Amino acid sequence: MASRPVEAHHRYPSDLLLNYVVSLLAMGPTTTVHSASDKDKDKVKQLALNQFSFSQNLLNVNTETIKTLTFHESTLSNGIVKGFVDYQGPLGISGGYNPRDQSLRALAIARGERCLIVEFGSGRKGLDREKREAEDGREKLVPILMRSAGLFAFDMGPLSMALYRDLGLRITTGTDIQSAFPGKFPHHRKTPLDAIKASVGDHAKIHDNNITSAFEDLSYDRLHDDYENSEMHISQRAWISHYLPLFENGAEAFDQVLKIDTASLTTSALDMLSKVAGDSFRLSYLQPFKSAHAFEASSDTIGDINVRSKSFKDRLRSNQDVRVTVESPNGSIYSVKGQTGYINGKAAGIKASHTFSKTNTSVLAISSIGRDGPTEADLKQHHIILRVLQGCSGSLTTNHWIQNIWFSSGDLTWPEGWSPSNKPLSFSNSSQKTLNPSQANAVNCMLSTKDADRITIVQGPPGTGKTSVIATFVETAIAGGMKGIWLVAHSNVAVKNIAEKLASIGFMSWKLLVSKDFHFEWNEHLYGPTIRQNMITSDNFTSFPSRSLNGCHVILSTLNMLSNPRISRFTRPIPIQTLVVDEASQIEIGAYVPVFDLAIKTLHKVCFIGDDKQLPPFGQENIGTLQSIFEVDHLRKYVIFLDTQYRMPPQIGSLISKEVYDAKLNSNPSHPIKNSVIACQFINVKNGQEALAGASSWSNQEECEVVLTLAEYLQSENKSFRIITPYDGQRNLIFEKLKEEGLDWEDKVFNVDSLLNLCSCNEDDYIIISIVRTRSIGFLNDLRRTNVMLTRFKKGQIIVSSRKFLGVDERGREGPGKGSLVSKLLDYVEGELGDQAWLSLDDVKKGEVLGKKKIVKDQGGGLPSIN
1 MASRPVEAHH RYPSDLLLNY VVSLLAMGPT TTVHSASDKD KDKVKQLALN
51 QFSFSQNLLN VNTETIKTLT FHESTLSNGI VKGFVDYQGP LGISGGYNPR
101 DQSLRALAIA RGERCLIVEF GSGRKGLDRE KREAEDGREK LVPILMRSAG
151 LFAFDMGPLS MALYRDLGLR ITTGTDIQSA FPGKFPHHRK TPLDAIKASV
201 GDHAKIHDNN ITSAFEDLSY DRLHDDYENS EMHISQRAWI SHYLPLFENG
251 AEAFDQVLKI DTASLTTSAL DMLSKVAGDS FRLSYLQPFK SAHAFEASSD
301 TIGDINVRSK SFKDRLRSNQ DVRVTVESPN GSIYSVKGQT GYINGKAAGI
351 KASHTFSKTN TSVLAISSIG RDGPTEADLK QHHIILRVLQ GCSGSLTTNH
401 WIQNIWFSSG DLTWPEGWSP SNKPLSFSNS SQKTLNPSQA NAVNCMLSTK
451 DADRITIVQG PPGTGKTSVI ATFVETAIAG GMKGIWLVAH SNVAVKNIAE
501 KLASIGFMSW KLLVSKDFHF EWNEHLYGPT IRQNMITSDN FTSFPSRSLN
551 GCHVILSTLN MLSNPRISRF TRPIPIQTLV VDEASQIEIG AYVPVFDLAI
601 KTLHKVCFIG DDKQLPPFGQ ENIGTLQSIF EVDHLRKYVI FLDTQYRMPP
651 QIGSLISKEV YDAKLNSNPS HPIKNSVIAC QFINVKNGQE ALAGASSWSN
701 QEECEVVLTL AEYLQSENKS FRIITPYDGQ RNLIFEKLKE EGLDWEDKVF
751 NVDSLLNLCS CNEDDYIIIS IVRTRSIGFL NDLRRTNVML TRFKKGQIIV
801 SSRKFLGVDE RGREGPGKGS LVSKLLDYVE GELGDQAWLS LDDVKKGEVL
851 GKKKIVKDQG GGLPSIN
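Under full-length UniProt numbering, residues 1 to 867 are what the sequence shown spells out, in order.
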């Protein structure tokens, strides 16, 4: 990536720079400008990182040219900030964030035609060499941020949290601009563009595109080509934040907004709020800023350009800014800007920025600009944090769930009235229902209303019967008179699997809430007729008759669904009293804030079920501060371990137990695949080469060809199988090749994440794994995801890779994958099978796959026998 010179935009002549800085030192715009010595001139030139002027282009109003100076925090002086400290009108501020870790990199402060940008952390070489200098300079901002007159900013809540989290700075009279213009629902916030329109009204023309450009990316790095406009944009955002309260009767609207005062909050409260807000902000920036969308022609007519999305993962969403590449009838290729409008399943209508002939015009490519907007759950979380910051919610101190999860360091404390006097429920094995001791213990803890079990955490390794535990709990609880049980999970597929389990045991007194966006045209095939009769899609929430819930005490949904604006249609008749969270190890704890707020008066029990040795919360590999409930230190002592797995053959289960679960995981001794049968083999693709697929994924053509041969064999033998690969690039390649070869392709090939979140069933009799990488360890460095990948099979598994990657080459050099969990599995299988660990394509073609062992090691540790 290229870098730009320090000088940006328009350089000031020396005398203009001097006058500008002197005016900053002055008490206000009417103060007489005093002369400065040549020595002062030179010092100012040395201190300023950059200086430029610009004419604002956001509103069609007459304004003065805005003069901006950029300083590093370590060079700030009382003189530089004096004009802002003494100014009694509204100051506008805006943050700029490091593109790499989203920490606060710069703060712009605007008044009148003046703007000051302060950069934090690494600045021009030598400026922040001493931490003390930076801290002293940062202190100069305190009188501005703690002023009694107003501070104004868009999204002031997240900005105030970044100021505290990254710089240790607090504010006292912060006005969140969007709060002056509430949406239809309390947690729905206007975009900066819509808030500006609401503020200005018909009094001035608004330049939509310029405003969108200034606000669409808050990243800041003025020396980098990718962010060359970031210095201008942060200045524009600060200026418009300052200007709106002064425009027409703007002050009247903003006077009604409750002020953010972080100075009045305790350090522990700010630590919690800033972490939740910061994690959410950083997660949003993990999304790509530009995305390509797979599509096909559409017969729908819901826009100027009509298409149908092909992939749920990269589907078009409403209100996206897009660029469409089209080819005209005469062969000309050009781009058209547009915005998506109404979305209905796969169908998407795009309103183009200008008209064009639709006759014989072909759409070649569609890409969207800007990250996806916040989900309903994100909006709800942001709103709750904002209410606390504005002093209108005491949920941090009154919500026992938040107190015990975020603020407790020892024993948990609960209200005395939460423990009922009636006899507690318990589960006992019967001829109809038998659980192993660890499963029965988990169910009884879930049923318990004792304070010690108020939070129940169940760790279930692969194949240990987590869904069976949930189903048994529900059946026993309802039979014992419990009500208000809500079963939630991270993914729609996990929720669907719970519903299927309940149906399989004959329990049908439940309703399943499903998002229309997930279901219609995309995943209708996942829901069979038995499930559909109890399913309610989100587009029917308003019209759904509440009387249909009579006698129903169990609701299933995703966790995000609990933030749906119309969820009260279900929480009123069926209050959330007991919350059971499946896939809890994939959920960042900040995601629970909305449901803890929603059910603050009714929720008395929460059961978290998951496995912190499998998939982590999304983004944890990039954001190390993300935690699931399993990573909260003071809650670890409450974890119940399901200690017996029933999925994998014991010969492989024992290796997983040793390497992942500290040898605590037992295997079903009655597993149908006995020790005499091969459960795992490898195929050596000697000439396989990894290749970059797209911007960040990988593929391996040679491995793909081997996978197709294996798929053809298993299909011909009527074996039930799936294909797993770590990389989406390889998944796409195999998917297309399966279709080309006329092999089964639907619900067949997955990357590791999509296997758990989109696959109708996350296990199968046989699994084919394509490792892909040849030169770098890549995915295999992630133990948790590798564990998921290796533990999906019930009968047999074939791993496609190479000896030199997973083991040692002819020269004795260790391969890149040596030491990984897959490599340890290879060592184990080679120790068990010798040369039989490796298959050739001839073996596959002859059907000599996963057959009888030639050498069977005695389970009691005796000598191997020959079959």
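In this text, a Cβ means the ideal position worked out from N, Cα and C, and glycines have one as well.
Fair warning: this is a prediction, and the values are worked out from it, not measured in the lab.
According to DSSP, is residue i part of a helix, a strand, or is it coil?
i, result
"Val849", "coil"
"Lys67", "strand"
"Ile623", "coil"
"Ile866", "Residue placement at Ile866 cannot be trusted, given a pLDDT of 29 that sits under 50; what the coordinates show is reported in the next sentence. DSSP places Ile866 in strand when its eight states are reduced to three."
"His72", "strand"
"Glu736", "helix"
"Ala149", "coil"
"Thr355", "coil"
"Thr397", "helix"
"Val326", "strand"
"Asp176", "strand"
"Asp208", "helix"
"Tyr766", "strand"
"Lys511", "strand"
"Gly79", "helix"
"His224", "strand"
"Asn564", "coil"
"Asn62", "coil"
"Asn246", "Here residue 246 is Leu; the residue named in the question, Asn, does not match the sequence. Correct three-state label for Leu246: helix."
Pick out whichever of the options has its Cα sitting closest to the Cα of residue i.
i, options, result
"Asp827", "Gln681, Pro594 and Glu848", "Gln681"
"Glu135", "Ala110, Ala108 and Asp166", "Asp166"
"Thr355", "Ala365, Ser328, Asp226 and Val595", "Ser328"
"Met146", "Ile629, Asp86, Glu746 and Gln46", "Asp86"
"Leu425", "Ser676, Val474 and Ile798", "Val474"
"Glu73", "Tyr638, Arg785 and Lys131", "Lys131"
"Glu690", "Ala110, Gly484, Ile777 and Ser720", "Ile777"
"Ile478", "Gly463, Thr449, Thr464 and Ser509", "Ser509"
"Val749", "Glu741, Gln730 and Glu740", "Gln730"
"Phe427", "Met446, Ser419 and Asn306", "Met446"
"Val469", "Val443, Gly463 and Met482", "Val443"
"Ser801", "Asp753, Thr725 and Gly168", "Thr725"
"Leu708", "Phe289, Ile798, His400 and Ala489", "Ile798"
"Gly831", "Ile771, Ser770, Ile652 and Lys737", "Ile652"
With respect to the beta strand (DSSP E) encompassing residue i, which residues constitute its N-terminal and C-terminal limits?
i, result
"Ala91", "What sits at residue 91 in the sequence shown is Leu, not Ala. Element bounds for Leu91: Leu91 to Tyr97."
"Tyr342", "Ile333 to Asn344"
"Glu113", "Here Glu113 belongs to no beta strand (DSSP E), and DSSP marks it neither H nor E."
"Ser368", "Ser362 to Ile369"
"Gln102", "Premise fails: Gln102 is in no beta strand (DSSP E) and is neither H nor E."
"residue 895", "Nothing in the structure corresponds to residue 895, since the chain is present only between 1 and 867."
"Ala452", "Where Ala452 is concerned, there is no enclosing beta strand (DSSP E), given that its DSSP letter is neither H nor E."
"Ile555", "Val554 to Thr558"
"Leu49", "Ala48 to Phe54"
"Thr578", "Thr578 to Asp582"
"Phe750", "Val749 to Asn751"
From what residue to what residue does the alpha helix (DSSP H) around residue i run?
i, result
"Met535", "Premise fails: Met535 lies in the beta strand (DSSP E), Met535 to Thr537, not in any alpha helix (DSSP H)."
"Ile240", "Ser230 to Tyr243"
"Lys496", "Asn492 to Ser504"
"Ala134", "Lys131 to Glu139"
"Phe473", "Lys466 to Ala479"
"Phe630", "Taken as a continuous stretch (DSSP letters only), Phe630 belongs to no alpha helix (DSSP H), as it is neither H nor E."
"Gly610", "No alpha helix (DSSP H) holds Gly610; the beta strand (DSSP E) holding it covers Lys605 to Gly610."
"Thr571", "Ser568 to Thr571"
"Ile485", "It is not in any alpha helix (DSSP H) - Ile485 instead sits in the beta strand (DSSP E) that spans Ile485 to Ala489."
"Asp194", "Pro192 to Val200"
Assuming residue i contacts residue j under a Cβ cut-off of 8 Å, what Cβ separation, rounded to an integer in Å, is found between them?
i, j, result
"Leu806", "Val829", "About 11 Å separates the two Cβ atoms, so there is no contact after all."
"His187", "Lys380", "5 Å"
"Tyr220", "Ser235", "Going by Cβ atoms, the distance from Tyr220 to Ser235 rounds to 11 Å, so no, they are not a contact pair."
"Ala584", "Ser515", "Not confirmed; about 20 Å, so no contact."
"Lys521", "Lys313", "Position check: residue 521 holds Glu in this sequence, whereas Lys was assumed. Between Lys313 and Glu521 the Cβ distance is about 15 Å, and since that is not below 8 Å, they are no contact."
*Scan the stretch 779-827 and note each continuous beta strand (DSSP E) run of 3 residues or more that stays entirely inside, going in chain order.*
793-801
*Along the chain, which unbroken stretches of the beta strand (DSSP E) at least 3 residues long are found entirely within the stretch 653-732?*
680-684, 691-693, 697-699 and 721-725
*Could you tell me which uninterrupted alpha helix (DSSP H) segments, each at least 4 residues in length, are contained entirely in the stretch 248-322, listed from first to last along the chain?*
250-255 and 267-284
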